[in-house]
Amino acid sequence: MTTTILKIVTRNLLFYLTFGLLLLIISTFVIWPILKVVSFAQLENFSELFTNSRWSQAAIHSLMMTMISTLSCTFVAFIFAYTIARLEIPCKGLFKFITILPIVSPPFIVGMSYILLFGRQGIISKQLLNLNVDVYGWHGLWLVQTITFFPYAYAVIYGVLKKSSPSQEYAAYNMGSTHWQVFKNIVLPLSKPGIAGGALIAAMSILADFGNPMVIGGNSTVLSTEAYMQMIGWFDLSSAAILSTTLLIPALGLFLLNRQWVGKQSYTTVTGKESYSSHYPIPSYIKWTLFSFCMFITVIVLLVYGVLFYGAFTTTWGYNWSLTFSNLDYVFSKGKELTNSIQFAVLSSILAGVLAFPLAFIVQRKKMGMNRFLDFLSVLPGAVPGVFLGLGFAIAFNAEPLMLTGTAMIMVIALTIWNVPTFYSTLLAGLQQISSSLEEASQNLGANNLKTFRHILLPLLKGPFISGMVVTFLRSVTCLSVIVFIYSAKTSVGTVSILGLVSNGEWGKASSFTVVLISIAFAVLGISQLFFRNKRNANDY
Amino acid sequence: MRKNIKLLPFLFILFMCVFMLAACGTGEESETVAGEGSKETASEETKKTEEPATDRLVVYAALNEEDIVEIEKKFEADTGIDMEYIRLGGAGEASTRVQAEKDHPQADIMVGGSVEFYQPLGEQGILEKYTSPNAAEIDDKFNDPNGYWQGWYMGVLGIVVNKERFEEELSPKGLEMPKTWDDLLDANYKGLFLSSNPATAGGGYIFAATQLFRLGEEKGWEYLQGLNNNVHHYTAGAVDPINLIATGEFAAGMSWAHDIVKSAKQGYPIEVIVPEETAFEIGGAGIIKGGENTENAKKFIDWLLTKEVGEMNTQLSNRYSVRSDVAPPQGMIPVDDVKLVDYDRTKAAEMKEDVVKQFTEMIGQ
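First to last, the sequence lines map onto chains A and B.
As numbered in numbering that gives the first Met the number 0, residues 0 to 540 make up the first sequence, in order.
As numbered in numbering that gives the first Met the number 0, residues 0 to 364 make up the second sequence, in order.
This is the structure:
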């Protein structure tokens, strides 16, 4: 009797300790920095949002752009995820590559590559097709945002589609349902957590992005670009704080809408029962339509990154296309920045996972009063523009008790926090699929919480975990916004050098730097994939 | 057995994390310890010539990398002071950082970028007052009457033209290369011209204000309206038009002359024109209050104002020196021939909000 009580007490104690610790970490590194920046906003200036026509325009553009881009991102992401997870088609490896390549989005260079290709004098738009198109404006931005951010949604949706067992679909087919009925009534509803999670993370990233609107947006501005420029261009912290705080409102709205939509239904398809190994065949005309769609997007992405890659080895970027290797000289003098980039990215993606895992677990499994709050805090850092978060870090951790200015620690922590939302959404969607009956069974058999977590959940969540890790790693390598106010001479990273080169007009060197950075990042990914492969083969046995 | 295998990668990752973080930490500590050690021995040597002052200087530099590298080399050679710099993207970024760190300043001096960014920092009490003895040799408009900032170079606004596109499309229409701001009103530039937005770009605002000072309120707005008919779009940053014109997306635009020259040197077919009645920005330097090496920061300012440094920076950055005895940057007209508009900085700052508002309404997105 007493031992069971003791057991319950210790079990709960461990749980509450974890919960408390998480809350402490999140409040210190999310709420505090954000509050520090928000406090720059003078309350009476908020009315400017309505009187300043530029700002109200920006707010409307932000909302519009987020809405349409999220829809298109989710659509593209779903088609990619479905095609890769369910269909027997060639080029799967290529498609998979295309779903991570746009995550590598170094500052400004990708935007300029789009202009070289699809601009008014673009290689494709003008020289090849002789069209008279104008990319500058909302439609051009829509295209760019769709391609830049669909991978974020993909990472979540794919994890869900891949895991969902086809047994229900087989049952439906056996009872005479058509393909469309099965898709509409089974596949789509069961993918809801994935679609919702993916859409949310894409929406927040689009809302917070300032780089693409700056290059492609033309005269139409969005809130995050405006906030960035007020800070960088005019050093008007109050205005920047107002604009950034305003961004939190649609972010909160998106979040609530999202959680409402997913609701409390059950989406579990991973139940531990026996499952079919292959999916029900899909008619070939559908298959090839989806294939062509993916191919189309693939070609665009390859073109954009092809231009970037080619530009790295040209004499005068975007003008004189003759080949040279001289741009690389500069890169090799910046070994420290490259090493820092990779080191910080590896650390922060791992730490983000370590943090996101228990967060997702508590929110999804333990129904507690504080859950909604914890849930929101976990996605909040994704909704504020990176510069805003970075500035918060610069202010908040430049005094005792947490004097972190200039250290590698502050870089890693800032990147970690910025990555938590992406990682968390991926894991949350994964968890929603796994029936808790598996854990109950494990506990009934005498395993404790930790054991269950380790042996049941961890292996089942391996897919989402790895895709979360890949996404966050690549994001960190090419992140500029978060670290722009907190790097020091010793902790400078590759993207800082890229920005320096771009603002110096040296686009050739900037793209060769980018190419080297991307190559190293993918090499690291390749090596770690080999490592994980071997481990899995040993385990799956 | 299987259990252990499964736990391994997880433990391994955690271990790696802790290890790498620890490595970062210790690496830094040992570096700083080493740094302090060498500092002590070095300072003992210099003690003979100086008071207890340190022999270090930490600089926030809103300058191009090559420029600051050369400045570091020369400053260390000239003074023996060990200079460490952090290069920042621009003066906005630098001043945001300085303000964020005001409780524990991390740098001694901020250098580069328009003095417009130094003014508010001075007013907030973040900058240390200092007037260099060398400032006496310099025109008064480059010295802060309050002593918070010191001007040491000057950038002017110019017109950038893509020569190839101009020759192909505009010359056949009988157009000559633009020489004045007014030449830009020609309807042939419609849709081919870029400028930057005063709401977001410092240079964009200085340009708009210049037209108002040059032509007066009413005519000035007429000018901006007329130009607006030709402008394809206003970029967020002042230098953004250059690359779009260099690669041939657009034919002409407005930006900082030194940035245009810089791009032209990369091999792009562009040319800079400095029109009459152009506007200028004063590049500043300011000492951060509460830095560890304030004395050295003062020495740095004295040093910046010498003729030798002025010449070096002009060559490197293509910007005019504030010293009248320094030759103009290569490819640019002598400073005496640059006809500057009568630019009232105080008034420009006061009317900014209204101008931006009216401008926004005018371009009516």
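The beta carbon of each residue, even a glycine, is placed where N, CA and C say it ideally should be.
Find out if the Cβ-Cβ distance for the pair residue 58 of chain B, residue 108 of chain B is shorter than 8 angstroms.
Position 59 of the second sequence, counting from 1, holds the residue named residue 58 of chain B. Position 109 of the second sequence, counting from 1, holds the residue named residue 108 of chain B. Going by C-beta atoms, residue 58 of chain B is nearer than 8 angstroms to residue 108 of chain B.
Tell me, please, whether the CB atom of residue 74 of chain A is closer than 8 angstroms to any CB atom in chain B?
Your numbering for residue 74 of chain A matches position 75 in the first sequence. Residue contact check for residue 74 of chain A against chain B: no CB pair falls below 8 angstroms.
Should residue 52 of chain A be flagged as near chain B, meaning a C-beta pair shorter than 8 angstroms?
Here residue 52 of chain A refers to the residue found at position 53 when the first sequence is read from its first residue. Any Cβ of chain B closer than 8 angstroms to the Cβ of residue 52 of chain A would place that residue at the interface, and such an atom is present.
Please work out which residues of its chain come closer than 7 angstroms, Cβ to Cβ, to residue 25 of chain A, disregarding the five sequence neighbours upstream and downstream, and give them in chain order.
Looking up residue 25 of chain A in the first sequence gives position 26. Residues of the same chain with a CB within less than 7 angstroms of the CB of residue 25 of chain A, apart from the 5 flanking positions on each side, are 376 in chain order.
Where residue 146 of chain B and residue 94 of chain B are concerned, what is the direct C-alpha to C-alpha distance, given to the nearest angstrom?
To locate residue 146 of chain B, count along the second sequence from 1; it is residue 147. To locate residue 94 of chain B, count along the second sequence from 1; it is residue 95. Going from the Cα of residue 146 of chain B to the Cα of residue 94 of chain B covers about 17 angstroms.
Between residue 473 of chain A and the rest of its own chain, which residues show a CB-CB distance below 7 angstroms, the 5 nearest in sequence each way excluded?
Mapped onto the first sequence, residue 473 of chain A falls at position 474. Answer for residue 473 of chain A: 99, 102, 103, 520, listed in chain order.
Three Cβ pairs or more, each shorter than 8 angstroms: is that satisfied between the segment 151-169 of chain B and the segment 277-287 of chain B?
Segments in contact, yes.
Could you tell me if residue 298 of chain A is buried or exposed, where buried requires 16 or more neighbouring beta carbons within 10 angstroms of its beta carbon?
Position 299 of the first sequence, counted from the first residue, corresponds to residue 298 of chain A. So residue 298 of chain A ends up on the exposed side.
Would you tell me roughly how many angstroms separate the C-alpha atoms of residue 40 of chain B and residue 82 of chain B, rounded to the nearest one?
The residue labelled residue 40 of chain B in the question sits at position 41 within the second sequence. The residue labelled residue 82 of chain B in the question sits at position 83 within the second sequence. Reliability of the predicted coordinates at residue 40 of chain B is poor, the pLDDT of 40 falling under 50, and the value obtained from them is presented with this limitation in mind. Distance between residue 40 of chain B and residue 82 of chain B, taken at the CA atoms: about 16 angstroms.
Please list, in chain order, the residues of the segment 88-100 of chain B that have any C-beta partner in chain A closer than 8 angstroms.
Listed by position, the residues of the segment 88-100 of chain B near chain A (Cβ gap below 8 angstroms) are 88, 89, 90, 91, 92, 94, 95, 96, 98, 99, 100.
What residues in its chain sit with their C-beta under 7 angstroms from that of residue 201 of chain B, if we drop five residues either side in the sequence?
Counted from its first residue, the second sequence places residue 201 of chain B at position 202. These residues qualify, in order along the chain: 113, 115, 237.
Quick check: the Cα distance between residue 222 of chain A and residue 249 of chain A, rounded to an integer number of angstroms?
For this step, residue 222 of chain A is matched to residue 223 along the first sequence. For this step, residue 249 of chain A is matched to residue 250 along the first sequence. Going by C-alpha positions, residue 222 of chain A is about 11 angstroms away from residue 249 of chain A.
Between A/518, A/523, A/483, which lies nearest to residue 106 of chain A when the distance is taken from Cα to Cα?
Start at 1 with the first residue of the first sequence, and residue 106 of chain A comes out as number 107. Comparing Cα positions, the closest option is A/483.
Across which residues does DSSP place residue 149 of chain B in a beta bridge pair?
The residue given as residue 149 of chain B occupies position 150 in the second sequence. DSSP output for residue 149 of chain B lists B/142, B/284 as bridge partner(s).
For residue 288 of chain B and residue 103 of chain B, I'd like the C-alpha separation in whole angstroms.
Along the second sequence, read from residue 1 onward, the residue named residue 288 of chain B stands at position 289. Along the second sequence, read from residue 1 onward, the residue named residue 103 of chain B stands at position 104. For residue 288 of chain B and residue 103 of chain B, the distance between alpha carbons rounds to 10 angstroms.
Check whether chain B comes within 8 angstroms of residue 405 of chain A, counting only Cβ atoms and requiring the distance to be less than that.
Locating residue 405 of chain A in the first sequence gives position 406, where the first residue counts as 1. Yes, because at least one Cβ of chain B sits closer than 8 angstroms to the Cβ of residue 405 of chain A.
Within chain B, partners of residue 260 of chain A - CB distance below 9 angstroms:
On the first sequence, residue 260 of chain A is found 261 positions in, with the first residue counted as 1. Those do not exist, as residue 260 of chain A stays about 33 angstroms from chain B at its closest Cβ, beyond 9 angstroms.
Answer with buried or exposed for residue 530 of chain A, where buried requires no fewer than 16 other C-beta atoms within 10 angstroms of its C-beta.
As a first step, residue 530 of chain A must be located in the first sequence, where it is residue number 531. Flag for residue 530 of chain A reads exposed.
Residue closest to residue 361 of chain A, alpha-carbon to alpha-carbon, out of A/392, A/415, A/435, A/335:
Position 362 of the first sequence, counting from 1, holds the residue named residue 361 of chain A. If we check each option's Cα against that of residue 361 of chain A, A/435 comes out closest.
So the candidates are A/391, A/188, A/308, A/259; which of them puts its Cα closest to the Cα of residue 409 of chain A?
Mapped onto the first sequence, residue 409 of chain A falls at position 410. Here the closest residue by C-alpha is A/391.
In chain B, which residues lie with their C-beta within 9 angstroms of the C-beta of residue 502 of chain A?
For the purposes of this step, residue 502 of chain A is taken as residue 503 along the first sequence, with counting starting at 1. The answer, in chain order, is 63, 88, 89, 236, 238, 258.
Environment of residue 331 of chain A [buried if 16+ CB atoms lie within 10 Å]
Your numbering for residue 331 of chain A matches position 332 in the first sequence. Here residue 331 of chain A is exposed, its C-beta having fewer than 16 other C-beta atoms within 10 Å.
Residue from A/354, A/202, A/11 whose Cα sits closest to the Cα of residue 252 of chain A:
Walking along the first sequence from the start, residue 252 of chain A turns up at place 253. Taking residue 252 of chain A as reference, the option from A/354, A/202, A/11 with the minimal CA-CA separation is A/202.
Beta carbon of residue 69 of chain A nearer than 8 angstroms to that of residue 215 of chain A
Sequence index remark: in the first sequence, residue 69 of chain A carries index 70 (1-based). Sequence index remark: in the first sequence, residue 215 of chain A carries index 216 (1-based). In this structure, residue 69 of chain A lies away from residue 215 of chain A, with their beta-carbon atoms at least 8 angstroms apart.
Same chain only: Cβ atoms within 7 angstroms of residue 228 of chain B, ignoring 5 sequence neighbours per side
The sequence position of residue 228 of chain B within the second sequence is 229, counting from 1. In the same chain as residue 228 of chain B, and ignoring 5 residues on each side of it, the C-beta atoms closer than 7 angstroms to its own belong to 189, in chain order.
Find the residues of chain B that neighbour residue 17 of chain A, judging by a C-beta separation of less than 9 angstroms, and give them in chain order.
For the purposes of this step, residue 17 of chain A is identified with residue 18 of the first sequence, where counting begins at 1. Within chain B, no residue comes near residue 17 of chain A; the closest Cβ sits about 15 angstroms away, beyond 9 angstroms.
Checking 8 angstroms against the spacing of the C-beta atoms, do residue 428 of chain A and residue 196 of chain A come in under that value?
Position 429 of the first sequence, counted from the first residue, corresponds to residue 428 of chain A. Position 197 of the first sequence, counted from the first residue, corresponds to residue 196 of chain A. In this structure, residue 196 of chain A lies closer than 8 angstroms to residue 428 of chain A by Cβ.
Exposed or buried, which one is residue 399 of chain A when buried takes at least 16 other CB atoms within 10 Å?
Residue numbering aside, residue 399 of chain A sits at position 400 when the first sequence is read from its first letter. Exposed is the call here.
Can you find the residues in the same chain that come closer than 7 angstroms, C-beta to C-beta, to residue 303 of chain A, ignoring five residues on each side of it along the sequence?
Residue mapping note: residue 303 of chain A aligns to position 304 of the first sequence, counting from 1. Apart from the 5 residues on each side of it in sequence, residue 303 of chain A sits with its Cβ closer than 7 angstroms to the Cβ of 109, 112, 113, 116 in its chain, given in chain order.
I'd like to check one pair, residue 259 of chain B with residue 161 of chain B: are the Cβ atoms closer than 8 angstroms?
Within the second sequence, numbered from 1, the residue matching residue 161 of chain B stands at position 162. Within the second sequence, numbered from 1, the residue matching residue 259 of chain B stands at position 260. Contact flag unset, no.
Cα-Cα, which of B/136, B/148, B/224, B/346 is closest to residue 122 of chain B?
Mapped onto the second sequence, residue 122 of chain B falls at position 123. Ranked by how close their Cα comes to the Cα of residue 122 of chain B, the residues B/136, B/148, B/224, B/346 have B/148 in first place.
Using a cut-off of 8 angstroms between C-beta atoms, extract the partners of residue 119 of chain B located in chain A.
As a working note, residue 119 of chain B is residue 120 in the second sequence. Ordered by position in chain A, the residues that pass the 8 angstroms Cβ test against residue 119 of chain B are 234.
Using CA coordinates, which residue listed in B/361, B/362, B/356 is at the minimum distance from residue 49 of chain A?
Working through the first sequence from its first residue, we reach residue 49 of chain A at position 50. In this structure, B/356 is the residue among B/361, B/362, B/356 with its C-alpha nearest to the C-alpha of residue 49 of chain A.
For a quick check, are the C-beta atoms of residue 340 of chain A and residue 493 of chain A less than 8 angstroms apart?
As a first step, residue 340 of chain A must be located in the first sequence, where it is residue number 341. As a first step, residue 493 of chain A must be located in the first sequence, where it is residue number 494. Yes, the Cβ-Cβ distance between residue 340 of chain A and residue 493 of chain A is below 8 angstroms.
Within chain A, the residues that residue 362 of chain B reaches when beta carbons sit closer than 9 angstroms:
Here residue 362 of chain B refers to the residue found at position 363 of the second sequence. Residue 362 of chain B reaches chain A at 218, counting residues in chain order whose Cβ is nearer than 9 angstroms.
Considering residue 251 of chain B, what are the terminal residues of the beta strand (DSSP E) in which it resides?
The count along the second sequence starts at 1 and reaches residue 251 of chain B at position 252. Note, residue 251 of chain B: beta strand (DSSP E), 251-255.
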